[in-house]
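So that you can map any letter, position 34 of the sequence shown is 34 in UniProt numbering, and since no number is skipped, the others follow by simple counting.
Everything on this sheet refers to the single structure shown next.
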Amino acid sequence: INENFDEYMEALDVNVVIRKIASYLIFDKEIVQNGDHFNIKTLTAFRNYHMEFDVGKEFEEDLVGVDDRKCMTMVNWEGDKLVCVQKGEKEGRGWTQWVKGDELHVEMRVCGVMCKQVFRKQVLD
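Shown next, in the form of C-alpha cells:
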C-alpha cells in the first residue's frame with residue numbers, strides 16, 4: 001500500500017519528473033534495531049535513503065535523496081509506535097511507524113498531507 005505518495009512528494013516540492021519515477025518504484029525497508037538504536041534503510045532501484053538514530057536524542061538529518069533538505073529530527077516511542085518530528089523548512093513534517101503482525105505501517109506527514117505505506121516482513125538470512 002502506498003496511499004497519497006504523489007501528494008506527499010508534491011508537498012515536499014519534489015519536481016514532477018522525480019515524482020513520476022518514484023510512483024513506479026518498489027520500496028523495501030531494512031530495519032536493524034539494537035535497543036533504542038535504529039538503522040533504517042529505504043531501498044529502491046532509483047535511490048536509497050539511510051537514517052541512523054537513537055530514540056530520544058535529537059540529531060541533524062540530511063534528507064539527500066528525498067528532498068535534499070536538512071532538518072533537526074527527534075524520534076520517540078509513543079506506546080508501541082516510533083514517532084518522528086522533523087523540524088526545518090516544511091511545517092508539520094514527520095512520520096510514525098509501527099508493526100502489526102507481519103506488516104510495518106508507516107505514516108509520513110508534511111504540511112497537512114499524509115502518506116500511508118504498508119510493508120510486509122521478510123526475514124533475511
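Where a beta carbon is used, it is the ideal one built from N, C-alpha and C, also for glycine.
Because the structure is a prediction, the values reported are computed rather than measured.
- For the UniProt domain "Lipocalin/cytosolic fatty-acid binding" (3-121), the full-length beta strand (DSSP E) segments reaching 3 residues or more read 28-34, 37-43, 48-54, 59-62, 70-78, 81-87, 93-100, 103-110, 113-120 along the chain.
- Take residue 114, set aside five residues on each side of it, and the residues of its chain with a beta-carbon closer than 8 Å to its own are 4, 8, 107, 108, in chain order.
- Distance from the CA of residue 66 to the CA of residue 49, rounded to the nearest whole angstrom, comes to 7 Å.
- Your pair residue 71 and residue 47 does not check out as a contact, with CB atoms roughly 18 Å apart and the cut at 8 Å.
- Put simply, the backbone Cα of residue 90 is about 21 Å away from that of residue 56.
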